[in-house]
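FYI, the numbering for the sequence shown is 7 to 277, going by the working numbering. All residues carry an ideal CB built from backbone N, CA and C; glycine is no exception. As the structure is a prediction and not an experimental result, all values here were calculated from the model. Encoded as structure tokens, the structure appears first; notes follow it.
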Amino acid sequence: MTGTALVTGASSGIGAEFARQLAGRGHDVVLVARSAASLERLAGELRQAYGVRAEVLVQDLAEPDAASAIAGELAARGLTVDVLVNNAGFGTAGRFEEIQADRERDELMVNVVAPVGLTHALVPGMLARGHGAVVNVGSTAGFQPSPFFTTYSASKAFVLNFSLALWSELRGRGVRVLAVTPGPVETPFFEVMGTREAAIGARMSTPERVVRSALRALDRDRGYVVPGFGNIGLAHLMPRRPRKLVALIGRMVTRKVVAAPVTPASPAVAR
């Protein structure tokens, strides 16, 4: 299936790689993020490399009307979306009481409200046409509570359960749904964390590997995928332990976040 793919958070990292690999499959692309300059550079790259139509749509997904604004702009440009990639997201890290409440509100708007709104806006058209796909980028953090990443991990638990429920609901109706749940990836997500990422001791994957794994899983209508063999245990074994035990074990690992030096930009991190 080709057609047009819309990718949020397309200015860098996993989102930019989704745009590249989908364009490589012959999809026209709509690139959504806040950074017009980064989107225009990527759009030019994709037009030249793959000969596809690449549209730029600048939108802050933390705004309450973000999904309706995007839907309106798509209609104004005569664009029909066949593949929706809800990739945009960011995380907050640190002691819950020390994180600004409005920053966490924005986190939930971007990680939860915007993906649901865009899915509501675009899935009815996919169903009417009899084909389409929705890819939601979550995290292994969504498989268990993650102290000091409290709101972030909760938002990614929502992404996982929302995606799987919708995958089940839409089976047999022509629209595939996939949750992609990577572990740490080499993207700008950790840049503002200073030494925090090193303190956690994460082994990182690359956007290329994550997106390749995601598109293979989407082709097979897998429902969800955990890219990287090293993340399998975290995703599939830990959640089967008693929930309070998992939360306490998680605290032993993630407490290093608050022990590490804090950069001026903390406690917010962007994927």
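The alpha helix (DSSP H) runs of length 4 or more contained entirely in the region 59-127 are, from start to end of the chain, 72-82 and 107-114. For the 7 angstroms CB-CB criterion, T157 and E113 form a contact. Contact check for T14 against N92 passes: the beta carbons are separated by less than 7 angstroms.
Of the candidates D108, A75, A134 and A163, the residue whose Cα lies closest to the Cα of L124 is A75. D88 is a Cβ neighbour of G138, given a cutoff of 7 angstroms. Closest option to R222, judged by alpha-carbon separation, among E69, M210 and R182: R182.
Listed in chain order, the beta strand (DSSP E) runs fully inside the region 130-170 are 138-143, counting runs of at least 3 residues. For secondary structure counted as the beta strand (DSSP E) over 3 or more consecutive residues, the region 29-60 holds these complete runs in sequence order: 34-39. In the three-state scheme derived from DSSP, where H, G and I count as helix and E and B as strand, S211 is classed as strand. The beta-carbon distance between A43 and A16, rounded to whole angstroms, is 13 angstroms. This is too long to meet the 8 angstroms contact definition.
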